[in-house]
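Engineer: Going down the list, the sequences are from chains L and S.
Read in our numbering, the first sequence has 109 at position 109, and its numbers run on one by one without any break.
Read in our numbering, the second sequence has 1220 at position 220, and its numbers run on one by one without any break.
For each residue, glycine too, the CB sits at the ideal point set by N, CA and C.
Model, not experiment: these values are computed from the prediction.
Before I ask anything, let me first share the structure, which is written out below as C-alpha cells.
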Amino acid sequence: MQPEGMLDVRGSDQFRDACREAGGLTLPVTVGSVCRIEGTLIYCIGRDHWLIRAPDGMDGEWAARVQDIGGETFCSITIVSDAYCTFRISGPEAVAILAQGTALDLDDLSFALGSCARVSFAKTPAILYRADAVPTFDMHVYRSYADYMSRWLKFASGA
Amino acid sequence: MADAFRLSSGGDIDRTMPLSFTFNGRKYKGYEGDTLASALLANGIRLVGRSLKYHRPRGIMSAGVEETNGFVQLTGVDDEPNVLATTTGLRDGLEARSVNCRPSVRWDAGQVNDVIRGLIPAGFYYKTFMWPRNGWRFYGSLIRRAAGWGTAPRKIDARLKERCEHRYHHCDLLVVGAGPSGIATALAAGRAGMKVLWVDNQSAPGGELLSSEATINGMDARGWLDRTLQEIDALSNVTRLASSTASGFYDHNFLTILESKPDKSWICERLWKVRARRVVLATGAIERPLPFPNNDRPGIMLAGSMKTYVRRFAVQPGMRCVVFTNNNSGYESAFAISRHGAEVAAIVDIRGNVSRTLEAQAEERGIRLIPNAEIVDVRGSFSVKGVKVLGRDGSRALTLDCDALGVSGGWNPTIHLYSQSGGRPRYDPSIEALVPGRSVQNEISVGSSRGAFALSACLEDGYRTGSNLAEECGRTRPETEEFSASPNEEFDIQAMWKPGVQGKSERVFLDYQNDVTVQDIELAVTENFSSVELVKRYTTAGMGMDQGKCGNVGVIGLLSSLADEDVGLVGTTTYRPPYTPVSFRAMAGWARGHLLAPYRVTPITPWFRSSGAYMAESGSQFQRPYHIRNIGEDAEAAIRREALAARTRVGIYDSSTLGKFEAAGPDVVEFLNRVYTNKWDDLRINHGRFGFLLYEDGRLLDDGVVFRLDQSRYLVTTGTGTAQTVLQHFERLLSCEWRDLSVYLTPVTEQWAVICICGPDARRFLRRVGTDVDLDGSAFPFMTMRVGTVRGFPVRLCRVSFTGELSYEIHVASRNGLALWELLMEEGKSFGITPIGSDASGLLRTEKGFVMAGVEGDGPVNLYDAGMGWVISQKKPEFIGKRSLERDLRTTRERMDVVGLLPCDEGFVPPAGSPIVAAHAKADIEKIVGRITASYFSPILKRPIALALLKGGRMKLGESVTVSTVGRVGSATVVKPVFYDPRGERMRS
C-alpha cells in the first residue's frame, strides 16, 4: 500500500484521561480494539500503547495534536511513518493465505471485523487489522521485512 | 498370472480406468482406486521386500498404516524412500522397488544374516562394537550402509520445486478418524453447530464400514454411510479432510495433521497445525497377529485386512486360504473371503468353545473348523504353501495346503495419539488389549479406540460424545438418534501371548519391522532387562516408524507370561510422534530457499545489490555488504582500497542496521544511570555520549552512543545484532524491576536510514552537497547533533565516528534513504567517494583499537580487561554489573587483557581465532595464553596489525609472543591496542 502516517503512542492512564477530557480523543482501551476518527484509525496494541494510522502527510499534525492534549502527562509520541510498510490482503482466499503464516485464530468470531492483533507472522513481527468483511486484512510489518514479506505472500498465494 | 487374483466384480476400484505401474523393473496392471499393495496382490506378488535385520522374505501384511513389511522405494519421478505400499494410491506410471535387498529381492546377499542369526541376537551391537575403542568409525559406516528402508532422494532439483504448505487452524472440535464412531461424532457435533475439523487418513471416509457387510438402522452399511456423509458435507461448520493423518498430539490440544492430497494443485503436502478446544479420538483399532513359528512368511496377512482387500479392492488374498484366530472377528473375515469366491480351507481357533452360531455359519459355507488348535509351522519361503496344525493338547497333527493365511490375534485400540497427549493406557482384560486411561488433556476417545468394538456401540458412543461436547460448548444438544446395527457378534477373545509348541530353530516374530522375536524378548528377560521400557531399548521392539502398531501389545503380553504376572502389571511404553512418517519437506514447509529466514534489508540495500557487493548476514538477520569489488579486484584488495579511501579522502557507508530507539519520560536520566556504566546527568540537549551496557554478571552486553533530543527524550543506539536484546533487556527492567520509573521506549531503527560520511574530506564534501547546518568544527563539534537539511532532505546530523575519522552520520527518513544515498554517490565522484563494507569497517576499527562487545568482549572479559575503565563512573552508587566488576578487581589471578599485536614479519597476518602460545612452546595446547580477535593488513600503516586477548597482556607491553596458525608459527610484539591516531585528533577535527 501507499505510505501512511503512523504514530507510536505510549501513555499513562492520566494521559488517556487527558486525551478524553481535554482533547475529546477517546483512545480504545481494550487491546486489539480499533477506533476510527476522521479517517484515522487508532489501534490499541498494548495496555498503554496505541498505533495511530493517519493519511500520508498527517503524521506531524497528529503528533502535535496528541502532544498538545497530552500536556504534562507521562506519554511518548513518536512518528514512525517510515518504520512500517503495509500489505493489504483481500478476497475469499485471504484467510487461507494468512493462516499459513500466523497462529492467530482468523475466524471472524475470534478476530472480528475492525480488530487488530500483534502477531508473529512467518517469523516476522507484524500487526494485523481486519478491515472489512470481504475479508480484507491490512498487515503492517517493519520496513526492513517488506522485501521478504512481499516474496512470502506471493509464494503463499501460489504465485 | 497378471491380475489373476482380481475378482471379476465388486470393490471400489474403477475397472474403466486401468493403470500401468512398475515394480522391481516389471510392468503390472492395476485400476484407479487401487493402492500399490492391492495392485501387487492382485497381480500375485507375494514377495515385496526383505526385513531390516535378518533379511527375511516379507509380503504385504495389512491394508493400512499398520503395515510393518510393505515398505518400498518409489523411483522415477517420485524418488522417495520409506513409502508404505498399503497407503500409496496407485497412479499411472508409478515406479517402485523393494528395499533391504541386494542384488534383488529374491536373491539377497543380506540373507546371510538369517543364517548367522545365532551370532547376532537382540542387543548384540551393545556388546560387539565395544572394541577396539576407536573402531566405531569402521563399524558405523558398515551399519549405516546396512540400515534404513531405502535411499534419500537423489534428484534434488526436482524436489526443491515441490511446494509444501503449513496452515494454522483453530476449531471447537477436532475429530480424528472417519470410522463409525468418528462419523457419528462429527454428525452430532456438526448438527449442533460446532466448528468441527474432521480428519481421516484414508482417501475415502467410512473406515470399517467400507468393508463391512453389516446393516445400520435397516440399511446396508454403505448406504447409511453415503447418506450420512451427504448430510455432514452439507454442513458449512464441518471441514472434512481426507488422506490426512493426525501425526502428533502435543501440549494444550495442539495437533499436527499431514494432508497428503491438498486441494491446491501446486501443493504436494500440507501440514496443519491445529489448536482444538476439544479433541475426539475415533482412531479405531488395529488387528494384531498371532505368535507362531515362521509367522512372517509372505502370504500371511491380518484376517481383517484380507476382508478389506476382498471388499474394497476386489482382490482375493489367495486361491485357498486358512484363517487362524483367537477371537470371533476372525470368523467374520473368513466368511467375507469365502463369500467373494476364495476358498477358505479351514478356520483354526485356539479356543475350545466356539459360538454355536459361528460354528453353524462355518458349516454352512463348507469351512472346516478346527477348534482348540494352533498353527505350529508354515511351509514356503517366498510364499505360503501350507500350514501345520496341532491340537493344543498335542493331538490331531495335520497339514493343510494353502497359499494364504489370515491371522487374527485380537484388536489393539489405536491409542497412539492418546499416549502422545500424555495419557497412560491401562490394560483391559475383557479385550486383552491396552485402552486409554484417564484423559490428561481436553480429549476423549470413542468407539473402538477405547475398546468398544461392536458397531452399534461405536455409533452410539460417537454420537453421544459429540452431543455432550456440543452441550458443554453451550450449543443446543442435537436430537437423540438411535443406532441398531447387525450383526452384533460378541468379541470373545482368548489371549495367546506365546506359541504352545515351538521348534528350536523357527523364529516367532512379534515386531516384524524391527525383526524382534519371542526369543529376543526371552533373551532380554534372561539378561535382566525385564522392565518393559528396558526390553524396548534392548530389543528395539516398538521403535521406529511402526511405533509398535502391531507388535507392542504382543511384547507386553509375552512379558507378563514370562514373569507369570497379570498383563496389567507389566506397564506400557510411550508411543511417540509422528504416528506415521512425516517428510522433511512437509516439516520445512515454505521455510526454505529465499524464504528460509526473514532476511532484512535497509533502504540502501538495493543499491549494494545492483553494485555487485558481497552480501551476507551480519546480525538481527540483516543482509549487509561486506565489500564491493571493482573489476579485476580480489576481496582483499577491495577491503584495503575501501579502508584507505576512508583514511585519505572520503568514504560512505550504510549504518541503518544499527539499533535505534527513543527513550522518553521524566525518569530517563535515572534509567540511563542505572543501565549504563557512566553518568548521564549532565548530558546537554543535542549532545551525545558513548556508553557501555553490562549484564548483571559484569560481562559486556553492548555499547553505543546516546543523544539527548530534548528535555526528556533520548535517542539510544545499539549494535546491529544486539538491538533486540538491548530493547528486551530494557523493557524487562522497566516492566519487572523498576516499575517506579516513568520511561517509555519506542524502536525507531526502521524509521531512519543512516548514511555515514567519513574521512578527512567529509566536511568539504558535505558542504559541496549542500546543507543548512554549520559544519565548522567549533559550531558543530564531535559528539553533538544538529537538525537541518541536506540538499533539501530533512535530516538529523550526528558527529560520531566508528572509523576514527571525521564523520557525519546523516539520519534521514527511510523513504528518502536511497534517493539521498544515490545523490551523495553522484556528488561524491569528484571526491573519489568510496562505499565501505563491513570488512573495511572492521579493519578501520582495528586500526583504532575500538573494542567490540561481541568480539573482544566475548565470554569472561570485563571493561577493565578491555582497557575501557574510563567509561566506568566511580561516582555512581550503583549500575547493573557494578558489583560483579568490583568482585573481578578483587581477584588476584591474571586476567585476559585486550592488547595490540604487531607481527614481526610483514607478510604474517594471523587469522582471527589464532591461539597465542607461550614462547617457544609452539602448538602445545596446554600453554595457550591468548587468542587473536581481529587481524588485518593495514594499508595506511603498510603492515599487519592485530587485536588480541592475552593473559596479563598489559604487563607484557613490548614483549614478544608466539602466534600459532595453521601451517605457520610467527612472533609478534605486544603493544597498546591502538595503532593509528592514538589521541583521536582526526575524528575530533
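What is the DSSP secondary structure of Met1543 of chain S, counted as helix, strand or coil?
Structural biologist: coil
Engineer: Closer than 7 Å between beta carbons: that is the criterion. Which residues of the region 90-102 of chain L meet it against chain S?
Structural biologist: Ala99, Gln100 and Thr102
Engineer: What's the gap between the Cα of Gln1073 of chain S and the Cα of Gly1049 of chain S?
Structural biologist: 10 Å
Engineer: Could you give the C-beta distance for Thr1185 of chain S and Val1274 of chain S, rounded to a whole number, given that I count them as a contact under 8 Å?
Structural biologist: Going by Cβ atoms, the distance from Thr1185 of chain S to Val1274 of chain S rounds to 16 Å, so no, they are not a contact pair.
Engineer: What are the start and end residues of the beta strand (DSSP E) that includes Trp1590 of chain S?
Structural biologist: Premise fails: Trp1590 of chain S is in no beta strand (DSSP E) and is neither H nor E.
Engineer: What's the gap between the Cα of Ala1188 of chain S and the Cα of Thr1215 of chain S?
Structural biologist: Roughly 20 Å between the two C-alpha positions.
Engineer: If you scan the region 1196-1224 of chain S from start to end, which runs of the beta strand (DSSP E) of 3 or more residues do you find wholly inside it?
Structural biologist: Those beta strand (DSSP E) runs which fall completely within the region 1196-1224 of chain S and span 3+ residues are 1196-1199.
Engineer: Can a CB atom of chain S be found closer than 8 Å to the CB of Val80 of chain L?
Structural biologist: yes
Engineer: Do you know offhand how far Glu1165 of chain S's Cα is from Trp1266 of chain S's?
Structural biologist: 10 Å
Engineer: Would you give the residue range spanned by the beta strand (DSSP E) that Asn1353 of chain S belongs to?
Structural biologist: Element bounds for Asn1353 of chain S: n/a, residue is neither H nor E.
Engineer: Would you tell me roughly how many angstroms separate the C-alpha atoms of Arg2036 of chain S and Ala1779 of chain S, rounded to the nearest one?
Structural biologist: Not covered by the structure: residue 2036 of chain S. The range shown for chain S is 1001 to 1989.
Engineer: Any beta-carbon of chain L closer than 8 Å to the one on Glu1269 of chain S?
Structural biologist: no
Engineer: Just to confirm before moving on: does the CB-CB distance between Asp138 of chain L and Tyr145 of chain L stay below 8 Å?
Structural biologist: Not closer than 8 Å, so no.
Engineer: If you drop the 5 nearest sequence neighbours on each side, which residues of the same chain put their C-beta closer than 6 Å to that of Ala1192 of chain S?
Structural biologist: Only Ala1470, Arg1475 and Pro1478 meet the Cβ criterion.
Engineer: Which residues bound the beta strand (DSSP E) around Cys75 of chain L?
Structural biologist: Cys75 to Ile79
Engineer: Kindly indicate which three-state DSSP category Thr1573 of chain S falls into: helix, strand or coil?
Structural biologist: coil
Engineer: Cα-Cα, which of S:Asn1328, S:Ala1303 and S:Gly1952 is closest to Val1322 of chain S?
Structural biologist: Among S:Asn1328, S:Ala1303 and S:Gly1952, the Cα nearest to that of Val1322 of chain S belongs to S:Ala1303.
Engineer: According to the Cβ coordinates, are Val1812 of chain S and Val1795 of chain S closer than 8 Å?
Structural biologist: yes
Engineer: Would you mind listing the alpha helix (DSSP H) stretches within the region 1911-1977 of chain S that are 4+ residues and don't spill past its ends, in chain order?
Structural biologist: none
Engineer: Just the chain L side, please: which residues come within less than 9 Å of Val1754 of chain S by C-beta, in chain order?
Structural biologist: Around Val1754 of chain S, no beta-carbon contact reaches into chain L at under 9 Å, the shortest distance being about 12 Å.
Engineer: Distance, Cα to Cα, Gly11 of chain L vs Gly23 of chain L?
Structural biologist: 14 Å
Engineer: Please classify Tyr1028 of chain S as buried or exposed, where buried requires at least 16 neighbouring CB atoms within 10 angstroms.
Structural biologist: buried
Engineer: Within 8 Å (strictly less), CB to CB, does Thr1580 of chain S reach chain L?
Structural biologist: no
Engineer: Would Ser1935 of chain S count as contacting chain L if we go by Cβ distances under 8 Å?
Structural biologist: no
Engineer: Using the Cα positions of Gly1907 of chain S and Tyr1864 of chain S, report the straight-line distance between them to the nearest angstrom.
Structural biologist: 32 Å
Engineer: Using the Cα positions of Asn1237 of chain S and Glu1231 of chain S, report the straight-line distance between them to the nearest angstrom.
Structural biologist: Straight-line measurement puts the Cα of Glu1231 of chain S at about 12 Å from the Cα of Asn1237 of chain S.
Engineer: Looking at chain S, is there any beta carbon in it that lies within less than 8 Å of the beta carbon of Gly158 of chain L?
Structural biologist: Cβ-Cβ to chain S under 8 Å: yes for Gly158 of chain L.
Engineer: If you reduce the DSSP assignment to three classes, tell me which class Asn1552 of chain S lands in.
Structural biologist: helix
Engineer: By the 8 Å beta-carbon criterion, what residues does the region 1709-1730 of chain S contribute toward chain L?
Structural biologist: Arg1713
Engineer: By Cβ distance below 8 Å, which residues in the same chain neighbour Leu1734 of chain S in space, the five residues on each side in sequence not counted?
Structural biologist: Phe1671, Leu1741, Val1743 and Leu1745
Engineer: For Tyr1031 of chain S, is the classification buried or exposed, using 16 other Cβ atoms within 10 angstroms of its Cβ as the cut-off for buried?
Structural biologist: buried
Engineer: Considering Glu1522 of chain S, what are the terminal residues of the alpha helix (DSSP H) in which it resides?
Structural biologist: Val1518 to Thr1526
Engineer: Check whether the region 1035-1048 of chain S touches the region 1367-1377 of chain S, counting contact only when three or more Cβ pairs, one atom from each stretch, lie closer than 8 Å.
Structural biologist: no
Engineer: According to the neighbour-count rule (16 or more other Cβ atoms, all chains shown, within 10 Å of its Cβ), is Asp1634 of chain S buried or exposed?
Structural biologist: exposed
Engineer: Please state whether DSSP places Thr1846 of chain S in a helix, a strand or coil.
Structural biologist: helix
Engineer: Taking contact to mean 3 or more Cβ pairs, one atom from each stretch, closer than 8 Å, check whether the region 1872-1886 of chain S and the region 1677-1693 of chain S are in contact.
Structural biologist: With the cut-off at 8 Å, the region 1872-1886 of chain S and the region 1677-1693 of chain S touch.
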